[in-house]
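Student: Residue numbers (the working numbering): 643 to 955. Note that beta-carbon positions come from the ideal geometry of N, C-alpha and C, so glycine has one too.
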Ligand code: TXA
Ligand code: MG
């Protein structure tokens with residue numbers, strides 16, 4: 643496994659590897675993705691192996707633009723409106739898969755839908771253009787663990803399983819894309835993420851929440867463990883208990899304590915979340931206690947990740 647700066651030469655090499663069915667980790671504006679040729683069953687199967695995913699979960703297929711997306715899925719009505727408003731960007735749309743789509747069936751995991759996203763990151767765009775392929779890419783980490791927002795996170799998490807890591811520096815958003823499906827003429831939020839519900843509702847009207855009202859979040863016990871550090875995590879904690887490391891949010895925390903955003907800015911908190919969880923996970927503390935984060939805008943996605951990280955393993 644090689645970790646290299648994402649120069650034009652390295653990107654051209656990465657594109658060749660993808661064409662040969664190999665795995666390449668690359669930066670997007672959300673998190674690093676573990677990419678493979680989405681038209682090849684063998685290449686996509688390697689992703690599941692590398693992540694040690696217990697099941698064949700469906701994967702997001704990354705494409706260069708809306709025209710490329712229309713080769714693989716039906717993009718009509720509200721879906722097209724959202725694509726036009728937020729692509730390239732941190733929005734994934736779950737759409738009816740075209741019967742003539744030249745995509746591995748594994749990316750859909752047996753469903754008749756496919757999840758598509760046009761990433762905004764320069765390196766991701768350059769790689770898509772150089773490869774001339776749709777790229778299937780989940781977050782480039784072992785299944786269930788903290789998502790990678792830096793190239794070194796990928797190296798620490800996946801080692802030999804990936805053929806090449808393109809280093810494009812820290813991911814500017816730091817949280818995965820928002821995943822939206824459609825049912826009964828309405829967008830349905832499958833995963834909160836980098837584009838906020840408020841932004842989506844401004845374009846496409848009310849968004850349905852399949853898991854109930856996020857303003858009244860489910861208890862962590864009902865959530866599947868995901869995004870989890872190795873140490874136990876406690877959320878909505880006003881203070882740390884003896885032996886715990888504290889992750890603060892906003893002003894008023896003592897200096898020297900890890901803080902998602904000293905000024906209380908949710909965008910900054912999103913960008914720093916996964917890197918700070920990894921750093922505290924390496925400390926001597928027996929656990930991690932995280933301060934409350936407001937459930938608005940990007941705070942919804944931050945709290946979603948924290949609740950899953952705190953869920954019983
Ligand atoms: O920001 C992101 O979305 C990153 C970067 C690399 O693009 N990718 C990512 O992929 O987070 P992953 O595999 O970790 O998450 C994909 C999410 C999962 O929640 C999956 O269940 C959902 O998208 N998904 C994919 N295809 C789907 C489908 N056909 N129907 C419903 N959900 C789907
Ligand atoms: Mg993931």
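Who are residue 677's beta bridge partners in DSSP?
Tutor: 666.
Student: Below 8 Å on the Cβ atoms is my contact criterion, and I expect residue 670 with residue 766 to pass it. Report the Cβ-Cβ distance as a whole number of Å.
Tutor: With a Cβ gap of about 5 Å, residue 670 and residue 766 count as contacting.
Student: Going by DSSP, what residue range makes up the beta strand (DSSP E) through residue 847?
Tutor: Element bounds for residue 847: n/a, residue is neither H nor E.
Student: What residue from 931, 722, 690 and 830 has the CA that sits closest to residue 749's CA?
Tutor: Cα-wise, what sits closest to residue 749 is 690.
Student: Locate the beta strand (DSSP E) running through residue 821, then write down its first and last residues.
Tutor: Note, residue 821: beta strand (DSSP E), 820-825.
Student: CA-CA distance, residue 631 and residue 923?
Tutor: In the structure as shown, the chain starts at 643 and stops at 955, and residue 631 therefore has no counterpart that could be examined.
Student: For residue 722, name the three-state secondary structure that DSSP assigns.
Tutor: Looking at residue 722 - three-state DSSP - the assignment turns out to be helix.
Student: Please determine, among 694, 775 and 739, the residue with the shortest C-alpha to C-alpha distance to residue 706.
Tutor: Residue 706 has its Cα closest to that of 775, out of 694, 775 and 739.
Student: Nearest to residue 674 by CA position, among 851, 869 and 807, is which residue?
Tutor: Per the Cα distances, 807.
Student: Please confirm whether residue 838 and residue 684 have their CB atoms less than 8 Å apart.
Tutor: No, they are not a contact pair.
Student: Taking only three categories from DSSP, how would you classify residue 923?
Tutor: Here residue 923 sits in helix by DSSP.
Student: Should residue 816 be listed as close to the ligand TXA, given that the test is whether its C-beta is under 7 Å from any heavy atom?
Tutor: False, no ligand heavy atom lies under 7 Å from that Cβ.
Student: Mark residue 925 as exposed unless 16 or more other C-beta atoms lie within 10 angstroms of its C-beta, in which case mark it buried.
Tutor: Residue 925 is exposed by the Cβ-count criterion.
Student: Suppose only complete runs of 3+ residues qualify. What are the beta strand (DSSP E) ranges in the segment 724-750, listed by chain order?
Tutor: Counting only runs of 3 or more, we get 733-738.
Student: Counting by C-beta, which residues lie closer than 6 Å to a heavy atom of the ligand MG, in chain order?
Tutor: Those satisfying the condition are, in chain order, 780, 781 and 789.
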